[in-house]
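The opening residue of the sequence shown carries number 2 in the UniProt record's numbering; numbering runs sequentially from there.
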Amino acid sequence: TRPDDHVIVLFGATGDLAKRKLLPGLFHLARAGLLPDGYRIVGSAPAQYAPNDDAFRKHTHDAIAAFGRSEPSGPVWQSFEDSLSFGAADPQDPAPLLAAVRAAEDSLGGQPRRLFHLAVPPSAFASVIRMLGDTDLAENSKVIVEKPFGSDLASARALNETIHAVFDESRIFRIDHFLGKESVDNILALRFANGMLEPIWNRDHISHVQIDVPETLGLEGRAHFYEGTGAFRDMIVTHLIQVLGIVAMEPPVSLAAQPLRDEKAKVFEALRPIEPGHVVRGQYDGYREEPGVAPDSQTETYTALRLEVDNWRWAGVPFYLRSGKNLAQHREVITLGLHEPPLRMFRADLPRREKDRGNKIVIDFGDPGWIAACFLAKEPGPTARLAPATMTFRYAESFCQKHGLEGYERLILDAMLGDQSLFTRSDGIEHIWEASAPLLGNPPPLQPYAPGSWGPEPAVTELIAPHQWYLPDADGDAIEVLA
Ligand code: BG6
Numbered sequence: 002t003r004p005d006d007h008v009i010v011l012f013g014a015t016g017d018l019a020k021r022k023l024l025p026g027l028f029h030l031a032r033a034g035l036l037p038d039g040y041r042i043v044g045s046a047p048a049q050y051a052p053n054d055d056a057f058r059k060h061t062h063d064a065i066a067a068f069g070r071s072e073p074s075g076p077v078w079q080s081f082e083d084s085l086s087f088g089a090a091d092p093q094d095p096a097p098l099l100a101a102v103r104a105a106e107d108s109l110g111g112q113p114r115r116l117f118h119l120a121v122p123p124s125a126f127a128s129v130i131r132m133l134g135d136t137d138l139a140e141n142s143k144v145i146v147e148k149p150f151g152s153d154l155a156s157a158r159a160l161n162e163t164i165h166a167v168f169d170e171s172r173i174f175r176i177d178h179f180l181g182k183e184s185v186d187n188i189l190a191l192r193f194a195n196g197m198l199e200p201i202w203n204r205d206h207i208s209h210v211q212i213d214v215p216e217t218l219g220l221e222g223r224a225h226f227y228e229g230t231g232a233f234r235d236m237i238v239t240h241l242i243q244v245l246g247i248v249a250m251e252p253p254v255s256l257a258a259q260p261l262r263d264e265k266a267k268v269f270e271a272l273r274p275i276e277p278g279h280v281v282r283g284q285y286d287g288y289r290e291e292p293g294v295a296p297d298s299q300t301e302t303y304t305a306l307r308l309e310v311d312n313w314r315w316a317g318v319p320f321y322l323r324s325g326k327n328l329a330q331h332r333e334v335i336t337l338g339l340h341e342p343p344l345r346m347f348r349a350d351l352p353r354r355e356k357d358r359g360n361k362i363v364i365d366f367g368d369p370g371w372i373a374a375c376f377l378a379k380e381p382g383p384t385a386r387l388a389p390a391t392m393t394f395r396y397a398e399s400f401c402q403k404h405g406l407e408g409y410e411r412l413i414l415d416a417m418l419g420d421q422s423l424f425t426r427s428d429g430i431e432h433i434w435e436a437s438a439p440l441l442g443n444p445p446p447l448q449p450y451a452p453g454s455w456g457p458e459p460a461v462t463e464l465i466a467p468h469q470w471y472l473p474d475a476d477g478d479a480i481e482v483l484a
């Protein structure tokens, strides 16, 4: 289905996110023939950043050339470029933006829908929303709000109130691009389209779950954003707990937005308040010397923690989440560890470290991603020796031509279509902040770690004992135990 005609207004059009993901993503949608027949893209930013249409077109061209998947050239680029215009945003003086949106609508004709994308720092969300409400811009429109959505329960509630004063919930799209990743979406298919895994997807069979997103990236010049955010809000609350929602949810009655989001919200409601003693906060050596970072910064660049979901299915199953900057590898991996069998029949047993490499279901949700069942097999020969083995499904092999949209692309398309299934809802977010309150009120001290390492030592020992962090090699061929 193609969306109705749209004017897309991109706030923060000259920012980092727009440059790396949003402008290249919109162009990719145009190339894939998934934008509406009639569309216009109005970039917006404070006037000093990009003063006119031509500068914005050049900016967009350069962003796509640097970060896009195809060159900005040829007829698709021509019509994409023609659709671009710029309207400076100043909440005190919305006139230039209003004029640009009207001009875009007039050039399309008919009654196009408006889609606002707030790719601005969280501190600017409220003033942009109020500006949309004070002018007639909010009419006939939807809004995509970036993350993090609030910094604690009170601020998330206040932000929800501000937005609800202008937009009803059905027009609000709180975005988390991890939920737009094919391989995250596929978790629903893996669980609910097959009879194979769901019967064991519970506390009776699963001993623990890991959601592990180490990054090799450092600060990338984002001190302004990151200093006030840190790893817990930037990654754990925003992305990893959302993924946990999909892993832990009950089967929804259908895949429609409401039942899907109801089930996720119930998981977040069941999160046990996070104990500060179950959290390791780290900061990489050298972070305080990065441009724009305070010399005594208390911002964590790493968080590992243990969560509990207090419901019938998951009671007693720890969920270990980990993410940090400047770590040894860049990965996006979910590991479900299964209980050991009740009886040890193989006397020539493996050492613990080797044995732990079997008995797991691993989901790599990087792009394009894979799923592996890891088990122990008998080595050929006259002794009962075991060896770890894997069976792996790889997206790139099974669906090489079909794999298509990146997270943001899928979600911007869904927002145009009005499908909220993969967007977060106000109650869900508030439950997460509620569970975070003890940690935010009493954060454990920062622990230093060396860039390129696996982060602070206590996270790979005490926090996760008696388990260990497992990571498969990048092809899903073998599980490594990272202790
Ligand atoms: C963003 C965070 O939301 O997600 C970044 O702000 C992080 O700090 C990024 O690096 C990771 O996303 P991806 O999918 O591009 O690796």
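Built from N, CA and C at the ideal position, the CB exists for glycine as well.
| Check | Outcome |
| --- | --- |
| Reduced DSSP secondary structure (H/G/I, E/B, other) of His404 | Model confidence at His404 stands at a pLDDT of 49, short of 50, so the residue's coordinates are unreliable; what they give is reported in the following sentence. Three-state DSSP puts His404 in coil, outside helix and strand. |
| C-alpha distance - Gly359 paired with Asp213, whole-angstrom precision | 18 Å |
| Pair within 8 Å by beta-carbon distance, His459 and Val210 | The sequence shown places Pro at residue 459, not His. Going by C-beta atoms, Pro459 is not nearer than 8 Å to Val210. |
| Beta-carbon proximity of Ile145 to Phe168, cut-off 8 Å | no |
| In chain order, each alpha helix (DSSP H) run of at least 4 residues that lies wholly inside the region 70-144 | 75-83, 96-109 and 126-135 |
| Option nearest Asn195 by Cα separation, candidates Phe126, Pro252, Leu387 and Ala388 | Pro252 |
| Per DSSP, the bridge partner or partners of Ser45 | Phe12 |
| Alpha carbon of Gly39 to alpha carbon of Arg21, nearest angstrom | 24 Å |
| Separation of Pro439 from Glu398, as counted between CA atoms | 45 Å |
| Glu291 Cβ short of 7 Å to ligand 1 heavy atom set | no |
| His178 beta carbon near ligand 1 (any heavy atom closer than 7 Å) | yes |
| Euclidean distance between Cα positions of Gly13 and Leu138 | 17 Å |
| For Ala373, three-class secondary structure by DSSP | strand |
| Residues bridged to Lys361 [DSSP beta-bridge criterion] | Gly338 and Cys375 |
| Unbroken beta strand (DSSP E) run spanning His209, endpoints | Ile207 to Pro215 |
| Glu463 Cβ short of 7 Å to ligand 1 heavy atom set | no |
| Three-state secondary structure assigned by DSSP to Lys20 | helix |
| Residues that Ile173 bridges to, as DSSP identifies them | Val144 |
| Through-space distance from Phe28 to Val10, alpha-carbon basis | 15 Å |
| Cβ neighbours of Leu337 in the same chain (closer than 7 Å, five flanking residues each side left out) | Ile207, Val210, Lys361 and Ile362 |
| Neighbour-count burial assignment, Val254, 16 or more Cβ in a 10 Å radius | exposed |
| Helix, strand or coil at Leu464 according to DSSP, with G and I counted as helix | coil |
| Cutoff 6 Å; reference Ala101; Cβ partners in own chain excluding five residues on either side | Val43, Ser86 and Gly88 |
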